[in-house]
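Below is one structure, written out as structure tokens; comments come after it.
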Amino acid sequence: MSPFLALTQSIEHWGIWEDGHVARLLLALGFLVILAVVFRVFVSRVLSRALARAVSIRLEERAAIERRVRTLATTLNWGFRVLLVFVAAGLILSEFGLNVSALVASVGIVGIALGLGAQTLVKDVLNGMFILIEDQYAVGDTVTVANITGEVVEINPRRTVLRDSEGNVHTIPNSAITVATNRTAGLNRFVIELEVPFREADQAAAIVNRACLELAAERGNELTAHPRLVQQEALPGGQVGLKVAGDSHSAAKWSLEADLRRRLKRAFDAERLEMEFAGEAKL
Numbered sequence: 276m277s278p279f280l281a282l283t284q285s286i287e288h289w290g291i292w293e294d295g296h297v298a299r300l301l302l303a304l305g306f307l308v309i310l311a312v313v314f315r316v317f318v319s320r321v322l323s324r325a326l327a328r329a330v331s332i333r334l335e336e337r338a339a340i341e342r343r344v345r346t347l348a349t350t351l352n353w354g355f356r357v358l359l360v361f362v363a364a365g366l367i368l369s370e371f372g373l374n375v376s377a378l379v380a381s382v383g384i385v386g387i388a389l390g391l392g393a394q395t396l397v398k399d400v401l402n403g404m405f406i407l408i409e410d411q412y413a414v415g416d417t418v419t420v421a422n423i424t425g426e427v428v429e430i431n432p433r434r435t436v437l438r439d440s441e442g443n444v445h446t447i448p449n450s451a452i453t454v455a456t457n458r459t460a461g462l463n464r465f466v467i468e469l470e471v472p473f474r475e476a477d478q479a480a481a482i483v484n485r486a487c488l489e490l491a492a493e494r495g496n497e498l499t500a501h502p503r504l505v506q507q508e509a510l511p512g513g514q515v516g517l518k519v520a521g522d523s524h525s526a527a528k529w530s531l532e533a534d535l536r537r538r539l540k541r542a543f544d545a546e547r548l549e550m551e552f553a554g555e556a557k558l
């Protein structure tokens, strides 16, 4: 057979194969794309309704709940896309005449060997799923994980990405996270402890209450519970410990604490009274 004739028959054979298989492939892939879009819209609507219900019945700010909803939606869409990629790969291979079942069976043996060497990856994914399901933290929260503190900028079943106060980005495998401290979830309470001489305890308590009332009057819209003197206790050396606590929206927590510390310092200086914050030198 001449090379030209062989080439002509090959082209004709390709054309016959193309007529049926390419159309089916395009139809199947188009269906998968539509399915991905529908799933994304469905998840968005369901989670939006859940967000509305959560805002109405839970004592949390809307922004915190929205962050968790975004994290969950991103993760669900990511997992569904991975599933669709495997389905699409199977359809393409089957259209090329490969026995997908036999291929999966043969790959299974290799998969066992790879699985033994990929235990850390499996731990990453399992731990990441528990973090997401249990809602330990979400994108936008300030957390401490693996001895690193920063804002969560990304979280998926394999890794958590943090940006610290200096702008450094830390990528942490989820398997390395054994303890997670969420500094913005739920009750955003700031606590200030100070020590004063016993003889000045009553006057100091009055100053603390006055400073708390001033902060509440000026920045009450940032507070969920006004700061107040919650504890007084005798300390060694003739000192009295005073503890002040207040609840706030997460974004204002650190600013409010710093503001109240400044007000207390100025008030005690104005009255010429001794005072020290816990763990600090005398003021």
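Under the working numbering, residue 558 is the last one in the sequence shown; the count climbs by one each step, no gaps. For every residue, glycine included, the Cβ atom is placed at its ideal position computed from N, Cα and C.
task: Please classify Pro511: is it buried, with 16 or more other beta-carbons within 10 angstroms of its beta-carbon, or exposed?
output: exposed
field: Coarse secondary structure for Leu548, derived from DSSP in three states
entry: coil
- prompt: Which same chain residues, not among the five before or five after Gly403, have their C-beta less than 7 Å away from its C-beta?
  reply: Asn431, Pro432, Arg433 and Asn449
message: Starting from Ile408, trace the alpha helix (DSSP H) in both directions and tell me its first and last residue.
response: Gln394 to Ile408
message: Suppose the cutoff is 6 Å on Cβ atoms and the five residues either side in sequence are ignored; what does the same chain contact list for Leu366 look like?
response: Closer than 6 Å at the Cβ level, and outside the excluded window around Leu366, lie Ala303.
Counterpart residues of Gly305 in DSSP-defined beta bridges: DSSP output for Gly305 lists no bridge partner at all.
message: By alpha-carbon positions, which one of Ala533, Val428, Gly516 and Asn457 ends up nearest to Asn588?
response: Outside the displayed range of the chain (276 to 558) lies residue 588, so it cannot be described from this structure.
query: Taking all protein chains shown into account, do 16 or more other C-beta atoms lie within 10 angstroms of the C-beta of Asn463, making it buried, or fewer, making it exposed?
result: buried
Those runs of the beta strand (DSSP E) which lie wholly inside the segment 425-495 and span at least 3 residues: 434-438, 444-448, 455-457 and 464-472
- prompt: Given 8 Å as the limit, is there contact between the segment 490-501 and the segment 539-551, that is, 3 or more CB pairs closer than that?
  reply: no
message: Measuring only the C-alpha atoms, how far is Ile482 from Leu539?
response: Near 8 Å, if we compare the C-alpha coordinates of Leu539 and Ile482.
- request: Closer than 6 Å by C-beta to Glu475: which residues in its own chain qualify, once you throw out the five before and the five after it? Chain order, please.
  value: Leu548
query: When the Cα of Asp534 is compared with those of Leu517, Leu488 and Gly513, which residue comes out closest?
result: Leu488
- prompt: Given a threshold of 16 other Cβ atoms within 10 Å of its Cβ, counted over all protein chains shown, does Val519 qualify as buried or as exposed?
  reply: buried
Ser523 to Val466 span [Cα, whole Å]: 11 Å
message: By alpha-carbon positions, which one of Phe552, Ala311 and Arg320 ends up nearest to Pro472?
response: Phe552
- request: Verify whether the separation of the beta carbon atoms of Leu368 and Val318 is less than 8 Å.
  value: no
query: Whose C-beta lies closer than 7 Å to the C-beta of Gln411 among residues of the same chain, with five residues either side of it excluded?
result: Ala455 and Asn457
task: Determine the extent of the beta strand (DSSP E) in which Val515 is found, giving its start and end residues.
output: Gln514 to Ser523
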